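**Student:** In this note's numbering, the protein residues as written are -13 to 420.
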Ligand code: GAP
């Protein structure tokens, strides 16, 4: 089985990610996160939020509605320009993005030497439509947001008026986005419902200032992913060519990951100039300019955006930490991201004194972190099950524990064991998680 096959199977087997609506035959381009996947996703989002909002004084967070007045999508240019070039195979009518040459090549091979002709590319709008209202015939057509950005942009004035932010400052947001992707695929890499983590960082509308912050955010975001443990050789920057830039971007650089299916976009840093605020001002009639409280100078700021996919980040973190050693799978996730931080085992499930001692430890640790309990089978199998789930530490209560109040703590990556006093356990684990 290839690596993507192994990872997809592991994610299903261990409850990270399941196919969406599986019992009904699925729904293309949707995925459901299981118990471990939900924890991992929350840990990633919490770390991102901590770094972007909690530890900074120049970024504040919002959580805007997914459903917006459809005029916002006209103003942001998405109704007109948020489109991919679609072509259709004249042999089997399968549809592809004309700019995805690799996917087209793979498709041609499926026709085994037959001459494959294509329709000429036509623009296909990616916005997902929905109908709002309770009276048939009077419902209004709206769009599910194609990017989370608009919710931040339309609240620019609200944020300035209700907080103490001063330019340069950012608005952070995490939330779901929806796109009618022509070819969803590569597991959770390209789906129709996904989550984004973004900061719109507003700066003075001076090219040199925008360029300075653009470079700042490029480095800042690369450092973030390196700090999560992704190998340096698997990350790179790639600047967009003029023809591939989104309609709102003056400049765009992606951080790419060296995925099993080729170098692939992980997240983007975009100089959106004053495109969004200017257009929302024009279309809504609201004044979205900023008045400098010291100089009285009034201007529409430039926006340097960092936009990352939560699901893609998660996929690449899983791929990068996947390893096989001596026939067993170890998910060497950064302990800060690991869904379960520690597992507690009584050596034998039928020895009441071992079980009750282990239960006490389990319940104590649960107050501060996610803890797993396992008393099935032999200890080796329990270790392997936790290695696959990415659990960094396993604690075993054995007969020595009853005498000297120590337990073994086994490290996932080195498989080494240390004996630690029970009353020092919580501090010991917390320190390792910092
Ligand atoms: N606000 C800017 C924006 O949305 P984008 O490059 O279209 O820019 C940003 O998307 C990020 O969102 C991408 O780098 C990717 O991580 C994620 N993303 C975009 N489309 C996606 C999809 N169909 N499935 C999963 N993630 C996606």
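All residues carry an ideal CB built from backbone N, CA and C; glycine is no exception. Model, not experiment: these values are computed from the prediction.
#1: Using CA coordinates, which residue listed in 399, 413, 395, 8 is at the minimum distance from residue 405?
#2: Are the segment 169 to 183 and the segment 203 to 211 touching, with three or more C-beta to C-beta distances below 8 Å?
#3: Answer yes or no: the CB of residue 421 versus the heavy atoms of ligand 1, is any distance below 8 Å?
#4: Just tell me which of 15, 84, 325, 260 has its CA closest to the CA of residue 22.
#5: Roughly how many whole angstroms lie between the Cα atoms of residue 77 and residue 90?
#6: Rounded to whole angstroms, what is the Cα-Cα separation between residue 146 and residue 297?
#7: Mark residue 29 as exposed unless 16 or more other C-beta atoms lie within 10 angstroms of its C-beta, in which case mark it buried.
#8: From the DSSP output, read off the bridge partner residues of residue 330.
#9: Here's the rule I'm using: 16 or more other beta-carbon atoms within 10 Å means buried, otherwise exposed. How should residue 349 be labelled?
#10: When you compare each of 370, 229, 279 to residue 315 by their alpha carbons, which one comes out closest?
#11: Secondary structure at residue 83, three-state DSSP: helix, strand or coil?
#12: Which same chain residues end up closer than 6 Å to residue 294 when comparing Cβ atoms and leaving out the 5 residues on each side of it in sequence?
#13: Between which two residues does the alpha helix (DSSP H) holding residue 134 run?
#14: Please report how far the alpha carbon of residue 55 lies from the alpha carbon of residue 112, in whole angstroms.
#15: Determine the closest residue to residue 357 out of 190, 148, 330, with distance taken between C-alpha atoms.
#16: With a cut-off of 8 Å on the beta carbons, I'd call residue 167 and residue 15 a contact; round off their distance for me.
#17: Looking only at DSSP bridge pairs, what is residue 5 linked to?
#18: Mind checking whether the beta-carbon of residue 344 lies closer than 8 Å to any heavy atom of ligand 2?
#19: Enumerate, from N- to C-terminal direction, the unbroken alpha helix (DSSP H) stretches of 4 or more residues contained entirely within the segment 162 to 248.
#20: Threshold first: 4 residues or longer. Then list the alpha helix (DSSP H) segments lying entirely within the segment 46 to 118, N to C.
#21: Just the C-alpha distance for residue 96 and residue 69, rounded to the nearest angstrom, thanks.
#22: Using only the heavy atoms of ligand 1, determine whether one of them is closer than 8 Å to the beta carbon of residue 294.
#23: Compare the C-alpha of residue 162 against each of 153, 134, 152 and name the closest.
#24: Would you give the residue range spanned by the beta strand (DSSP E) that residue 393 belongs to?
#25: Between residue 188 and residue 129, what straight-line distance do the alpha-carbon atoms span, to the nearest angstrom?
#26: Using the three-state DSSP reduction, which class does residue 402 fall into: helix, strand or coil?
#27: Considering only heavy atoms of ligand 1, does any lie closer than 8 Å to the CB of residue 182?
#28: For residue 277, which three-state DSSP category applies?
#29: Does the Cβ of residue 352 have 16 or more other Cβ atoms within 10 Å, making it buried, or fewer, making it exposed?
#30: Could you work out which residue in 19, 6, 388, 375 is closest to residue 346 when comparing CA atoms only?
#31: Under the criterion of a Cβ to heavy atom distance below 8 Å, does residue 209 qualify as lining ligand 1?
#32: In the DSSP assignment, what residue or residues form a beta bridge with residue 253?
#33: Which stretch, first to last residue, makes up the beta strand (DSSP E) that contains residue 317?
#34: I'd like to check one pair, residue 2 with residue 304: are the Cβ atoms closer than 9 Å?
#35: Quick one: grab the DSSP three-state call for residue 421.
**Tutor:** According to the data block:
#1: 395
#2: no
#3: In this structure the chain extends from -13 to 420, so residue 421 is not present and cannot be described.
#4: Of the candidates 15, 84, 325, 260, the one whose C-alpha sits nearest the C-alpha of residue 22 is 325.
#5: 13 Å
#6: 31 Å
#7: buried
#8: Beta-bridge pairing links residue 330 to 359, 381.
#9: exposed
#10: 370
#11: strand
#12: 183, 253
#13: Run containing residue 134: none; DSSP gives neither H nor E here.
#14: 17 Å
#15: 330
#16: Contact between residue 167 and residue 15 is confirmed by a C-beta separation of about 6 Å, below the 8 Å threshold.
#17: Residue 5 pairs with 17.
#18: With respect to ligand 2, the structure shown offers nothing to examine, as its ligands consist of ligand 1.
#19: 193 to 213
#20: If we require 4 residues or more, the alpha helix (DSSP H) runs fully inside the segment 46 to 118 come out as 57 to 61, 64 to 67, 87 to 96.
#21: 27 Å
#22: yes
#23: Looking at the Cα atoms, 134 is the closest of the given residues.
#24: 392 to 397 is the span of the beta strand (DSSP E), which, as asked, contains residue 393.
#25: 26 Å
#26: For residue 402, the three-state secondary structure derived from DSSP is coil.
#27: yes
#28: strand
#29: Result: exposed.
#30: 388
#31: no
#32: According to DSSP, which records beta bridges pairwise, residue 253 is partnered with 241, 294.
#33: 314 to 317
#34: yes
#35: Here the chain has residues from -13 to 420 only, and residue 421 is not among them.
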